[in-house]
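For reference, the structure discussed in these notes is given below.
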Amino acid sequence: MSQRSGRLAMAALVAGGLVLLSACGDSGDGGKDGGSSSQGAQAKTLGKVSMPKVTKDTNAMGMWVTGKNFAKGDIDKIVGYSPDGAKTQWTIELDGEICWASPHTTEDGRTAVLFKDGKGSDAQCTQVGLVDLNKGQLVWQKEGTDTEGNDGVDFDEVTISGNTIAAGGTSGGGAWSLDGQPLWKPEYVADCDDDGYAGGDGKLIALHGCSGADSSTEKLEIQTVDPTTRKVLSSYKLDGEFERAHVLSTAPLVVAADTGDSDGGSGVTDILTIDDSGKQGKLVNSIDVLAKGFKPDCPAVNVEGCKDLALDKKSSTVYLSSEVDVDDGGPGEKITGVNFETGKETGRTKMAESRSLIPISTEKDGSLLAYQGSMYSEAGGVVRVDPKTFEMETLQTHPDDMKDVESGMDTYGDCTMIYTGKKLYIGDNQASRPTSGDGAGRPLAVVFGA
């Protein structure tokens, strides 16, 4: 299978909200090959969100599913739909383009977004907003200011954890409480600042960067901080070989790091598990992703937002895809389970011939939910992977008349995927001009279900 330009992301369901959270040969760890069974329910296309008309690629980040609705980031706005995506319920107009949207939500359906301060070419990502997804309201928006009182600090991403919203980037990091009160401001001290934050599970992790003697290098530190005061509770310094880091989970603390040698620009060469129970963090285990041929996809400059993987925290398992080429079966993909505390393989699925096979999220019993992509003769669908046998059970198959659309979103899109309530939600993070090969004009979002 050729390297796709865009891969579907996943989000795991937690506490009524979301955290926006494949084998190559024999690992020698006793992994099990699972097969597949059943055809699953025939799903329908319940709703589609049309791709906005744009003259250039424009961010439309953000997708959430609550008990009341399905919400999708659009051009300079967030739109709430009925759970099936068929009816518009509300629209929140924003000052400008959405720069980043947290996948995490509070128990009462609130989340954080970062957007531009205008619609002009000189607009910057300075506006942080708290959004109530159940009510369809922008509760408040704040502009970042530094410790000297200068307005208009430009951020790269935003997250939410507990009662704290934190935004970070190359200009440093700042935070607010849920009621809009400032907690700390960007501060550049001794050539060090916060490159970004990761939230969820009531914890807040800061990626703290310090410039080295060579201005082109940066020393990275993973800090577990108090969400209210930013007091450092635990700190782990990455080896100097790592250029980037991304947080896959805050509890337990699992980090994807890149030495700069990541395959195909995936942004990951190693997955590190860190014990942050003490003041000095300790490395528990390291998985060499590059050597094993796994292909998670992490955005180069952001702390959150990794795709093509899923974690089951109870069993300490990370599920990863890999592309496989075999002489007799053609290209395809597999999913492999790896214990992130020991590094041992727990099992692997059979290859999905000529299809993508992408982890979405895990269920309470540890089962993995995965997307099985469309192919030239069949549409895609959702499968459940047994965590012990790695047998695949098909939960739903999609309408054949949508196979080209699915293929276009998988190949050309940069998408988020959520499976909940027996519905699969796929949403593109970018609005783009249609091309002749993008799946008959892909939608911005689509909902499949029985």
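Throughout the sequence shown, residue numbering follows mature numbering (1 follows the signal peptide of the UniProt record, and there is no 0), covering -25 to -1, 1 to 425 in sequence. Quick reminder that beta carbons are idealized off the backbone N, C-alpha and C, glycines included. The model shown is predicted, which means the values in this text are computed figures rather than measured ones.
For residue i, report the span of its alpha helix (DSSP H) as first-last.
i           : result
residue 266 : 264 to 267
residue 382 : 378 to 387
Based on the DSSP secondary-structure assignment, which residues constitute the bridge partners of residue i?
i           : result
residue 38  : 47
residue 183 : 169, 196
residue 120 : 126
residue 400 : 393, 422
residue 16  : 371
residue 85  : 107
residue 247 : 230, 261
residue 152 : 139
residue 240 : DSSP output for residue 240 lists no bridge partner at all.
residue 327 : 308
residue 114 : BP columns for residue 114 are empty, so no partner.
residue 98  : Beta-bridge pairing links residue 98 to no other residue.
residue 132 : 143
residue 406 : 33
residue 356 : 347, 372
Taking residue i as the reference, give the member of the options with the closest Cα.
i           : options            : result
residue 249 : 225, 39, 109       : 225
residue 368 : 26, 396, 325, 405  : 325
residue 100 : 110, 71, 81        : 71
residue 204 : 141, 67, 403       : 141
residue 132 : 108, 192, 87, 419  : 87
residue 183 : 174, 148, 117, 156 : 148
residue 215 : 195, 223, 231      : 195
residue 200 : 252, 221, 370      : 252
residue 363 : 395, 335, 419, 290 : 290
residue 109 : 119, 219, 67       : 67
residue 219 : 123, 241, 417      : 241
residue 25  : 380, 398, 395, 396 : 380
residue 50  : 41, 37, 82         : 37
residue 102 : 155, 192, 137      : 155
residue 357 : 341, 392, 323      : 392
residue 370 : 376, 314, 355, 377 : 355
residue 376 : 352, 359, 228, 420 : 352
residue 299 : 293, 292, 307      : 307
residue 388 : 419, 94, 228       : 419
residue 85  : 91, 92, 77         : 77
residue 178 : 158, 139, 162, 187 : 139
residue 134 : 161, 146, 173      : 173
residue 117 : 111, 123, 106      : 106
residue 280 : 55, 223, 424       : 223
residue 425 : 417, 394, 31       : 394
residue 30  : 410, 423, 422      : 410
residue 130 : 136, 137, 123, 119 : 119
residue 432 : 69, 112, 79        : Any property of residue 432 remains undetermined from this structure, which presents the chain solely from -25 to 425.
residue 232 : 202, 197, 341      : 197
residue 17  : 297, 320, 374, 151 : 374
Need the endpoints of the beta strand (DSSP E) that residue i sits in, please.
i           : result
residue 157 : 157 to 159
residue 320 : 320 to 324
residue 26  : Careful: residue 26 lies outside any beta strand (DSSP E) and carries neither H nor E.
residue 107 : 102 to 107
residue 371 : 367 to 372
residue 221 : 219 to 224
residue 346 : 343 to 347
residue 209 : 207 to 212
residue 362 : Premise fails: residue 362 is in no beta strand (DSSP E) and is neither H nor E.
residue 332 : 332 to 337
residue 52  : 52 to 56
residue 432 : Summary: the structure shown does not reach residue 432, with the chain confined to residues -25 through 425, and so no result is reported for it.
residue 76  : 73 to 76
Does any residue of chain C have a CB that is nearer than 7 angstroms to the CB of residue i?
i           : result
residue 223 : Protein chain content of the structure displayed is limited to a single chain, and chain C is not contained in it.
Any heavy atom of the ligand NAP closer than 6 angstroms to the beta-carbon of residue i?
i           : result
residue 372 : The ligand NAP is not part of the structure shown, which contains no ligands of any sort.
Quick check: the region 244 to 259 against the region 343 to 353, are there 3 or more CB pairs under 8 angstroms? no
If you scan the region 249 to 318 from start to end, which runs of the alpha helix (DSSP H) of 4 or more residues do you find wholly inside it? 264 to 267
Any contact of the region 17 to 29 with the region 53 to 64, i.e. 3+ C-beta pairs under 8 angstroms? yes
Determine contact between the region 273 to 281 and the region 325 to 336, defined as no fewer than three beta-carbon pairs at a distance below 8 angstroms. no
Given 8 angstroms, three or more beta-carbon pairs between the region 164 to 173 and the region 206 to 216: no
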